[in-house]
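S.K.: In terms of the working numbering, the sequence shown opens at residue 719 and continues consecutively.
For every residue, glycine included, the Cβ atom is placed at its ideal position computed from N, Cα and C.
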Amino acid sequence: MKHLHIPAISLLLLVLACTKDKSNYDYSEKENIEIKGVLDNYSVITLKDTLRINPELTSNKDTDMEYRWGLYKGQVGVMDTISYTKNLSHPVKESAGNYILVFYTRNKKTGVIKTKQSGLSVNTRFTRGWYIAKDDGADSDLDLFLTPNNILAEEKLENIYSTVNGSKLAGNITNLSFLSAYYTYDNGPLERTRTLMVSTDKDINAIGIGRLNLIRNKQTLFLGDIPEMGAPNAVILGSSAYYGLAKGQLYSISTNSLNSGLFGSKTRRNSSNADYSLSLFNSSSDATNPVFFDNTSSTFVTLVNAGSTLTEFSDAAGTKMPARNNNKQVLFMALKYIEYQPAPKYSFISKGYGVLQDKTNPSLKILSYLEQDESSLKITNDTIQPSSKLFNATQYALLYEDENMLYFSTDNQIYSRNLNNGFEQLQYAVPAGEEVTFIRHHTYTSEAAYAFNFVIVGTRKNDQYIIRMFKKSSGNLESTPYQVLQGKGIARGLLYIAPSVREDTYPNSF
719 MKHLHIPAIS
729 LLLLVLACTK
739 DKSNYDYSEK
749 ENIEIKGVLD
759 NYSVITLKDT
769 LRINPELTSN
779 KDTDMEYRWG
789 LYKGQVGVMD
799 TISYTKNLSH
809 PVKESAGNYI
819 LVFYTRNKKT
829 GVIKTKQSGL
839 SVNTRFTRGW
849 YIAKDDGADS
859 DLDLFLTPNN
869 ILAEEKLENI
879 YSTVNGSKLA
889 GNITNLSFLS
899 AYYTYDNGPL
909 ERTRTLMVST
919 DKDINAIGIG
929 RLNLIRNKQT
939 LFLGDIPEMG
949 APNAVILGSS
959 AYYGLAKGQL
969 YSISTNSLNS
979 GLFGSKTRRN
989 SSNADYSLSL
999 FNSSSDATNP
1009 VFFDNTSSTF
1019 VTLVNAGSTL
1029 TEFSDAAGTK
1039 MPARNNNKQV
1049 LFMALKYIEY
1059 QPAPKYSFIS
1069 KGYGVLQDKT
1079 NPSLKILSYL
1089 EQDESSLKIT
1099 NDTIQPSSKL
1109 FNATQYALLY
1119 EDENMLYFST
1129 DNQIYSRNLN
1139 NGFEQLQYAV
1149 PAGEEVTFIR
1159 HHTYTSEAAY
1169 AFNFVIVGTR
1179 KNDQYIIRMF
1189 KKSSGNLEST
1199 PYQVLQGKGI
1209 ARGLLYIAPS
1219 VREDTYPNSF
């Protein structure tokens, strides 16, 4: 595609008209070229439609015409030549936005130029639907289930990432998140870009929703050296920063001011730069400092803003377990809700839960209630009995800002645990031959036609995934899924994306 840098369409015409030409022109009568069949406005869907226009030209002179079609965005910018033929057949690949379409024709016998400008609105199929992050045990991809009318999927775009970009993402899925205010140069100037962050055990990939194009990966996502990749890799939203996990090491982007969208230097563990490895599981929100867990030192830590050094949590009054050096490892952790504290604090506190296991005695597992107030942490423990279904759980989902329930899978069956009284109950018997790969709780209330409150269970059967979305009542799942999505591969997570979905619509944790 040829690029012409122009301040306006008039400059393009001036340049074209002034091209050196030794033809003998007949100036006895002014030539009148008319263009018909080109509308004033067009609307297309990128990566779906082909823009086809067959103009009709008439002239009162003998003609030997040359043609050019071009696109530019805005009054000043880069003009892309998309065709040199009279009839346009252009597979639309441009990013979503409004463009000016220019049809240019010139009679080589007379040198007379005629143009026609049209408005072109480029839309995308990628702004609404269920995104499924999946892998095949080696490489990853995305499926997109379109929801044009309501939350029920009507069409599946399989392997849509590799279809658009020509290759899959290296590695197996470790995390899927969404940022609505992530700064990139994807459309030219530095601006906020709605971005899927697809993390695998080999890379972290920033993918623009507009065209589903790869904006950045580990090669271009970090300032300085490329960090070593490996699970857990993830991108997490905080109150004043985006946090990037690369093989358990923490990087950050301050969101308090304009930024480049690049993660800075690795965060230090302490002043002596001790080794650390953060768990993928965390309790983080857009209103509080994150709660991370360092598996190396068995210590709960946080990062204030986008600072250079992790801060160890201090023990709040009444805590039942030290936040530091507690000889535990985290099996699961998630945010339950945040709560505003009025005067004189004027700040938020967060409440979450974790499932922890003792390093010395692996048969000791505890369910911990985590109350965070700035840099202090109160931990209340409940020992998980070996007879409990939760003791052998492998997948978890904490209901966020909803009933005080924890969902989990044991022996590939879905159970719930009432966090008020410890009561456990079988919620769904997964069919034989299926393996549970994830559980999520997601809610969306911004649009009535698309609103949902689902407990979502992903399973695999051979090389196929099955995703069941359940409504619930008083914390109990309905017996029949509201909808079921199926496809090829191993589904590790999903997000519902719509124009009004923001980066704080869903919790960062599970």
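According to DSSP, is A992 helix, strand or coil?
M.R.: Working through the sequence shown from its first residue, we reach residue 992 at position 274. Note: A992 maps to coil in three-state DSSP.
S.K.: Please name the residue in Q1090, V820, S836 whose C-alpha comes closest to that of G788.
M.R.: Counted from its first residue, the sequence shown places residue 788 at position 70. Answer by Cα proximity: V820.
S.K.: Among all the DSSP beta bridges, which residues are the ones paired with K754?
M.R.: Residue numbering aside, residue 754 sits at position 36 when the sequence shown is read from its first letter. According to DSSP, which records beta bridges pairwise, K754 is partnered with E774.
S.K.: Quick check: the Cα distance between Y802 and T881, rounded to an integer number of angstroms?
M.R.: Locating residue 802 in the sequence shown gives position 84, where the first residue counts as 1. Locating residue 881 in the sequence shown gives position 163, where the first residue counts as 1. Rounded to whole angstroms, Y802 to T881 spans 27 Å at the Cα level.
S.K.: If you drop the 5 nearest sequence neighbours on each side, which residues of the same chain put their C-beta closer than 6 Å to that of R1135?
M.R.: Counting from one through the sequence shown, the residue named residue 1135 turns up at place 417. Cβ neighbours of R1135 beyond the five flanking positions: L1108, L1124, E1142.
S.K.: Taking the Cβ atom as the reference point for each residue, do S995 and G966 lie within a distance shorter than 8 Å?
M.R.: Residue numbering aside, residue 995 sits at position 277 when the sequence shown is read from its first letter. Residue numbering aside, residue 966 sits at position 248 when the sequence shown is read from its first letter. Yes, Cβ-Cβ distance for S995 and G966 is below 8 Å.
S.K.: Could you pull the start and end residues of the beta strand (DSSP E) that T1223 belongs to?
M.R.: What you label residue 1223 is simply residue 505 of the sequence shown in a count that begins at 1. Note, T1223: premise wrong, no beta strand (DSSP E); not H, not E.
S.K.: Under 8 Å, with one C-beta from each stretch per pair, do the segment 1064-1074 and the segment 1039-1055 reach the 3-pair mark?
M.R.: yes
S.K.: Could you compute how far the alpha carbon of D943 sits from the alpha carbon of R846?
M.R.: For the purposes of this step, residue 943 is identified with residue 225 of the sequence shown, where counting begins at 1. For the purposes of this step, residue 846 is identified with residue 128 of the sequence shown, where counting begins at 1. Approximately 36 Å between the Cα atoms of the pair.
S.K.: What distance in whole Å lies between the Cβ atoms of K1083 and Q1075, which are believed to be in contact at a cut-off of 8 Å?
M.R.: For the purposes of this step, residue 1075 is identified with residue 357 of the sequence shown, where counting begins at 1. For the purposes of this step, residue 1083 is identified with residue 365 of the sequence shown, where counting begins at 1. 5 Å between Cβ atoms; contact.
S.K.: Answer with buried or exposed for A1041, where buried requires no fewer than 16 other C-beta atoms within 10 angstroms of its C-beta.
M.R.: Residue 1041 sits at position 323 when you count from the first residue of the sequence shown. Label assigned to A1041: buried.
S.K.: What are the start and end residues of the alpha helix (DSSP H) that includes T883?
M.R.: As a first step, residue 883 is located in the sequence shown; it is residue number 165 there, counting from the start. According to the sequence as given, residue 883 is Asn; it is not Thr. N883 -> alpha helix (DSSP H) spans 878-883.
S.K.: Given a cut-off of 8 Å, decide if D853 and I1208 are closer than it, judged by their beta-carbon atoms.
M.R.: What you label residue 1208 is simply residue 490 of the sequence shown in a count that begins at 1. What you label residue 853 is simply residue 135 of the sequence shown in a count that begins at 1. By the CB criterion at 8 Å, I1208 and D853 fall inside the cutoff.
S.K.: Measuring CB to CB, does T1177 end up less than 8 Å from E1153?
M.R.: Counted from its first residue, the sequence shown places residue 1177 at position 459. Counted from its first residue, the sequence shown places residue 1153 at position 435. Going by C-beta atoms, T1177 is nearer than 8 Å to E1153.
S.K.: If you measure between the beta carbons of Y879 and L908, is that distance less than 8 Å?
M.R.: What you label residue 879 is simply residue 161 of the sequence shown in a count that begins at 1. What you label residue 908 is simply residue 190 of the sequence shown in a count that begins at 1. Going by C-beta atoms, Y879 is not nearer than 8 Å to L908.
S.K.: According to the Cβ coordinates, are S837 and N759 closer than 8 Å?
M.R.: Locating residue 837 in the sequence shown gives position 119, counting from the first residue. Locating residue 759 in the sequence shown gives position 41, counting from the first residue. Looking at the sequence itself, residue 837 is Gly, so the reference to Ser does not match. A contact, by the Cβ cut-off of 8 Å.
S.K.: Which residue wins for smallest C-alpha separation from N1043, given the options A964, N1013, D904?
M.R.: Counting from 1 along the sequence shown, the entry for residue 1043 is found at position 325. Nearest Cα to N1043 within the set A964, N1013, D904: N1013.
S.K.: Given a threshold of 16 other Cβ atoms within 10 Å of its Cβ, counted over all protein chains shown, does D739 qualify as buried or as exposed?
M.R.: Counting from 1 along the sequence shown, the entry for residue 739 is found at position 21. With a pLDDT of 49 at D739, under the threshold of 50, the modelled position of this residue cannot be trusted; read the value that follows with caution. Exposed.
S.K.: Enumerate, from N- to C-terminal direction, the unbroken beta strand (DSSP E) stretches of 3 or more residues contained entirely within the segment 1080-1127.
M.R.: 1083-1091, 1094-1102, 1113-1116
S.K.: Check A1231 in the structure and name its three-state DSSP category.
M.R.: The question about residue 1231 has no answer here: the residues shown for the chain are numbered 719 through 1228.
S.K.: With DSSP collapsed to three states, give me the class of N759.
M.R.: As a first step, residue 759 is located in the sequence shown; it is residue number 41 there, counting from the start. Strand.
S.K.: What do you get for G1140, buried or exposed, if any count of 16 or more other CB atoms within 10 angstroms of its CB means buried?
M.R.: Position 422 of the sequence shown holds residue 1140. Per the 10 Å Cβ criterion, exposed.
S.K.: If you draw a straight line from the C-alpha of T1027 to the C-alpha of F981, how long is it?
M.R.: Numbered from its first residue, the sequence shown carries residue 1027 at position 309. Numbered from its first residue, the sequence shown carries residue 981 at position 263. About 15 Å.
S.K.: Relative to the alpha-carbon of V796, which residue among G906, E747, V762 has its alpha-carbon at the smallest distance?
M.R.: To locate residue 796, count along the sequence shown from 1; it is residue 78. If we check each option's Cα against that of V796, G906 comes out closest.
S.K.: Nearest-angstrom Cα distance between T1006 and G956?
M.R.: Start at 1 with the first residue of the sequence shown, and residue 1006 comes out as number 288. Start at 1 with the first residue of the sequence shown, and residue 956 comes out as number 238. Separation of T1006 and G956 (C-alpha to C-alpha, rounded to the nearest whole angstrom) is 7 Å.
S.K.: Check P1217 in the structure and name its three-state DSSP category.
M.R.: As a position in the sequence shown, residue 1217 is number 499, starting the count at 1. P1217 falls in the coil class under three-state DSSP.
S.K.: Quick one: give me the first and last residue of the beta strand (DSSP E) that S1026 is part of.
M.R.: Position 308 of the sequence shown holds residue 1026. Unbroken run through S1026: none, as it is neither H nor E.
S.K.: So for F1066, helix, strand or coil by DSSP?
M.R.: For the purposes of this step, residue 1066 is taken as residue 348 along the sequence shown, with counting starting at 1. Three-state DSSP puts F1066 in a strand.
S.K.: So K754 and Y785 are supposed to be a Cβ contact under 8 Å. How far apart are they, rounded?
M.R.: Numbered from 1 along the sequence shown, position 36 holds the residue referred to as residue 754. Numbered from 1 along the sequence shown, position 67 holds the residue referred to as residue 785. 15 Å between Cβ atoms; not a contact.
S.K.: Roughly how many angstroms separate the alpha carbons of D919 and A1061, rounded to a whole number?
M.R.: Sequence index remark: in the sequence shown, residue 919 carries index 201 (1-based). Sequence index remark: in the sequence shown, residue 1061 carries index 343 (1-based). So the alpha carbons of these two residues sit roughly 44 Å apart.
S.K.: Does N923 come out as helix, strand or coil in the three-state DSSP assignment?
M.R.: In the sequence shown, the residue the question calls residue 923 occupies position 205. Three-state DSSP puts N923 in a strand.
S.K.: My output table needs one value for T828: the three-state DSSP class, helix, strand or coil.
M.R.: Within the sequence shown, the letter at position 110 stands for residue 828. Here T828 sits in coil by DSSP.
S.K.: According to DSSP, is L722 part of a helix, a strand, or is it coil?
M.R.: Working through the sequence shown from its first residue, we reach residue 722 at position 4. For L722, the predicted structure reports a pLDDT of 41, less than 50, and the residue's modelled location is therefore unreliable. The matter cannot be settled from this model.
S.K.: So who's on the other strand from R987, going by DSSP bridges?
M.R.: Residue mapping note: residue 987 aligns to position 269 of the sequence shown, counting from 1. Its beta-bridge partners do not exist; DSSP assigns none.
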